[in-house]
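Worksheet: the structure to be examined is printed underneath.
Protein chains: 2
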Amino acid sequence: MPELRKDIITREWVIVAKERARRPHEFKRQQLVRPELLRHDPRCPFCPGNEAMTPPEVMAYRGHGSAADSEGWRVRVTANKFAALNQKAEICREDYHIYDRMQAAGAHEVVIETPLHNVSPARMDVRDLEHVIWAYIDRYNSLKQDPRIRYILIFRNHGELAGCSLAHPHSQIVATPVIPQKMFNKVRGLAQYREYREKCAYCDILSVELELGERLVSQNGSFVVLCPFASRSPFETWIVPRAHTASFARMNRFEVMELAEALKETLMRLDRCLDDPPYNYQLITAPIDGGRYDDFHWYLEILPRLTTPAGLEMGTSIYINVTPPEDAAKYLREALEGQPAAASPPGQPSGLEAEAAR
Amino acid sequence: MPELRKDIITREWVIVAKERARRPHEFKRQQLVRPELLRHDPRCPFCPGNEAMTPPEVMAYRGHGSAADSEGWRVRVTANKFAALNQKAEICREDYHIYDRMQAAGAHEVVIETPLHNVSPARMDVRDLEHVIWAYIDRYNSLKQDPRIRYILIFRNHGELAGCSLAHPHSQIVATPVIPQKMFNKVRGLAQYREYREKCAYCDILSVELELGERLVSQNGSFVVLCPFASRSPFETWIVPRAHTASFARMNRFEVMELAEALKETLMRLDRCLDDPPYNYQLITAPIDGGRYDDFHWYLEILPRLTTPAGLEMGTSIYINVTPPEDAAKYLREALEGQPAAASPPGQPSGLEAEAAR
């Protein structure tokens with residue numbers, strides 16, 4: 001019989017349809033035909049040599065001596081050419097009859113993750129992925145200084161069905177002058193949980209999941225990878241830090257390394273199970289409006305886009321999930337059995353050195 | 359410059375991207391190739407003659423003398439063959455470690471709107487659409503008697519990109535034993551608005567929109583059709599009753615007639631503008647858990663599915679809308695200019711008579 005499950009933080013319900021449970025190969029058939037990508041595409045605005053096709057870079061990790069907006073970078077961050085938020089706009093909240101509106105002040109940036117057109121994070125050298133995460137942290141810390149900004153979301157769209165329009169590996173950063181309602185709900189849910197149980201809900205989730213094991217995918221010293229109890233979509237996967245920390249930007253060098261390992265390995269597992277599925281990943285972290293968010297526990301959420309949300313999801317935000325998270329976790333655990341470890345061998349040279357020495 | 363707009367009830371923000379505003383023909387190009395449908399498809403489980411391919415009907419409007427689960431119906435309602443909620447399950451909320459789960463007790467039904475395989479509501483005789491709405495009301499009133507049920511959502515998925523898997527025109531009814539969090543948020547938002555302004559937010563929206571006119575699509579005696587100020591998607595359209603009423607099921611015969619007219623006409627406008635776009639429509643109505651919801655104001659929401667929600671929407675539920683609602687409303691207003699009226703000529707025979715005489 002199908003089961004209703006509640007997200008204990010957001011209080012959103014999910015219907016887990018066990019009877020019509022779908023296995024990984026049933027999602028593969030739905031995929032669109034994908035063309036083979038080249039290492040370099042001369043028409044791609046994110047490929048080296050085409051730096052003039054993007055807005056000027058706001059940051060890059062570059063080899064010594066290479067000039068801004070030229071080749072020689074490892075990770076490059078620019079404003080989004082079609083920015084949804086404006087770097088120069090003033091905050092000016094305006095009443096318009098009964099409504100509330102304001103200029104979309106903020107920032108909308110693109111993190112070009114690698115010079116290689118065809119190497120997504122699942123296939124990237126793990127040390128290169130570390131640099132991507134450092135770029136997230138550097139941009140986050142820089143944007144945080146802007147007094148107009150109250151929330152920063154870092155996310156990645158992979159595949160056309162996940163809203164990705166350019167194949168070259170990239171993530172996006174959106175900094176908004178408002179706290180999204182969804183984050184308010186999360187903050188409120190965490191506070192209510194803490195008021196009742198005097199503990200952090202995500203810390204509790206970690207200890208329950210580590211004890212039960214059935215929704216566990218993998219773990220390392222700093223992170224636990226799991227399919228959440230109330231997964232909204234088949235193969236939804238969270239990478240949760242063991243340490244209770246409000247902001248992902250407080251990671252130390254070792255934690256960044258372990259996040260890169262966990263992220264690469266998890267994306268590889270999804271890739272093996274589902275044959276390069278479309279997905280979004282989001283870094284869910286505390287608001288930065290100056291409030292205290294000690295209750296917050298950041299995590300990275302990966303949402304494969306395998307089914308189409310329809311009227312029920314639009315009308316109620318109750319999602320129907322056709323793969324129970326216990327099944328998904330089992331498939332993901334088994335995906336790399338007998339495979340070499342995801343991390344690079346120790347001491348492997350990482351190519352270009354990041355500009356920022358840490 | 360792009361603009362942030364807030365839904366005054368849910369407090370969700372939307373980014374209206376005026377600069378890259380997209381016009382109707384730019385969405386048409388994205389459509390998939392659609393095969394021409396026949397009037398009758400012998401393999402379709404919803405076509406007359408194939409009644410045995412569905413679960414037994416729970417209700418039908420039939421010509422006199424025709425037997426249940428045989429031909430001769432005008433509107434037919436059955437359980438969903440792959441029901442996400444179970445008609446027979448007990449309510450039994452269960453603590454599972456820190457989590458909350460229960461059997462998915464409730465109902466999941468399919469409203470087969472017409473015997474004709476290829477006649478969607480935009481092209482249906484308006485009197486046939488009235489019968490569909492009466493079927494919604496009848497099923498709603500019947501399911502409401504079930505003490506397990508706390509919310510009923512009636513919705514329609516149109517087109518593959520909107521999650522529709524069977525082409526034969528049909529709607530769905532989902533009755534849940536929990537109030538969706540999204541409805542709680544709406545109820546809370548309405549109450550907060552009323553506390554502050556001592557009025558209903560939707561009544562206020564109607565009077566502002568009727569005064570301004572720029573987001574107005576059409577109106578009749580009982581309903582106002584508009585593109586909401588904080589539209590989440592291009593061409594989002596609401597059909598809002600002028601009368602402040604919590605439940606759509608309290609409509610009288612005249613209001614049902616006018617809703618059918620407004621709905622058919624609005625779907626025709628969308629069809630003309632966007633060439634049969636995929637969409638979901640949902641009847642947003644008050645919960646039925648026994649509480650008082652006098653503050654609620656029901657409406658029908660049509661969400662065309664023209665763009666793909668990506669990481670930003672998933673992470674924050676802030677939607678980027680690339681067609682300002684003022685533009686969308688203008689396109690929709692102009693869509694039927696010089697066209698014959700949508701309603702049937704008075705006195706046109708409606709074919710089969712509904713079984714339930716009113």
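Those protein sequences? They're chains A and B, same order as listed. Straight run, no breaks: the first sequence in my numbering ends on number 358. Straight run, no breaks: the second sequence in my numbering ends on number 716. All C-beta atoms in this analysis are idealised placements derived from N, C-alpha and C, irrespective of residue type, glycine included. Computed from a predicted structure; not experimentally measured.
- Of all residues in the region 310 to 324 of chain A, the ones placed with a Cβ closer than 9 Å to any Cβ belonging to chain B are Ala310, Gly311, Leu312, Glu313, Met314, Gly315, Thr316, Ser317, Ile318 and Ile320, in chain order.
- Using a Cβ-Cβ cut-off of 8 Å, Met53/A is close to nothing in chain B; its nearest Cβ partner there is about 17 Å away.
- Taken in chain order, the members of the region 519 to 538 of chain B whose beta-carbon sits within less than 8 Å of a beta-carbon on chain A are Leu519, Ala520, Gly521, Cys522, Gln530, Val532, Thr534, Pro535, Val536 and Pro538.
- Going by DSSP, Asp458/B is part of the beta strand (DSSP E) stretching over Tyr457 to Gln461.
- About 5 Å separates the CB atoms of Glu57/A and Arg76/A; that is less than 8 Å, so the two are in contact.
- Per DSSP, the continuous beta strand (DSSP E) segment holding Ser171/A begins and ends at His170 to Thr176.
- With respect to Ala83/A, Val111/A sits apart: the two C-beta atoms are not nearer than 8 Å.
- The three-state reading of DSSP puts Glu109/A in strand, counting E and B together.
- Look at Val477/B here: in three-state DSSP terms it is coil, with no helix or strand label.
- Asp453/B has Asp458/B as its beta-bridge partners, per DSSP.
- Any Cβ of chain A closer than 8 Å to the Cβ of Arg552/B would place that residue at the interface, and such an atom is absent.
- Counted as a single uninterrupted DSSP element, the beta strand (DSSP E) harbouring His516/B occupies residues Tyr509 to His516.
- The C-alpha of Gly421/B lies about 8 Å from the C-alpha of Arg432/B.
- Sequence-ordered contacts of the region 440 to 474 of chain B with chain A read Phe440, Ala442, Leu443, Asn444, Ala447, His455, Ile456, Tyr457, Asp458, Arg459, Met460, Gln461 and Ala462 [C-beta pairs closer than 7 Å].
- Ile8, Thr10, Arg11, Glu12, Trp13, Ile15, Val16, Ala17 and Glu19: these are the residues of the region 8 to 19 of chain A whose beta carbon lies less than 9 Å from some beta carbon of chain B, given in chain order.
- With contacts defined by Cβ atoms closer than 8 Å, Asn280/A and Asn80/A do not form a contacting pair.
- If you draw a straight line from the Cα of Asp125/A to the Cα of Ala21/A, it comes to about 34 Å.
- Taken through DSSP and simplified to helix, strand or coil, Met59/A comes out as strand.
- For Leu661/B, a Cβ of chain A is located within less than 8 Å of the residue's own Cβ.
- Residue pairing by DSSP places Tyr319/A opposite Val14/A in a beta bridge.
- Each residue's CA atom was taken as its position, placing Pro287/A and Asp146/A some 13 Å apart.
- A Cβ-Cβ contact shorter than 8 Å links Ile597/B with Thr624/B.
- Contacts between Val208/A and chain B, judged by CB atoms closer than 9 Å, involve His455, Ile456 and Tyr457 in chain order.
- Annotation: the continuous beta strand (DSSP E) that includes Asn280/A extends over Tyr279 to Ile284.
- For Pro241/A, the enclosing beta strand (DSSP E) has its first and last residue at Thr237 to Pro241.
- Leu216/A and Ala175/A have their alpha carbons spaced roughly 32 Å apart.
- Using a Cβ-Cβ cut-off of 8 Å, Glu214/A is close to nothing in chain B; its nearest Cβ partner there is about 11 Å away.
- Annotation for Leu85/A: no alpha helix (DSSP H) segment contains it, and DSSP assigns it neither H nor E.
- The Cβ atoms of Ala167/A and Leu37/A sit closer than 8 Å to each other.
- Among the CB atoms of chain B, one or more fall inside 8 Å of the CB of Pro2/A.
- Listed by position along chain A, the residues whose Cβ is nearer than 7 Å to that of Lys540/B are Thr316 and Ser317.
- By the CB criterion at 8 Å, Phe587/B and Thr681/B fall outside the cutoff.
- For Ala107/A, the closest of Gln87/A, Arg123/A and Ser233/A by C-alpha to C-alpha distance is Gln87/A.
- With a threshold of 8 Å between beta carbons, Thr436/B makes no contact with chain A.
- Look at the region 243 to 276 of chain A and you find these whole runs of alpha helix (DSSP H), each 4 residues long or longer: 253 to 274.
- Secondary-structure assignment with DSSP links Trp431/B through a beta bridge to Arg420/B.
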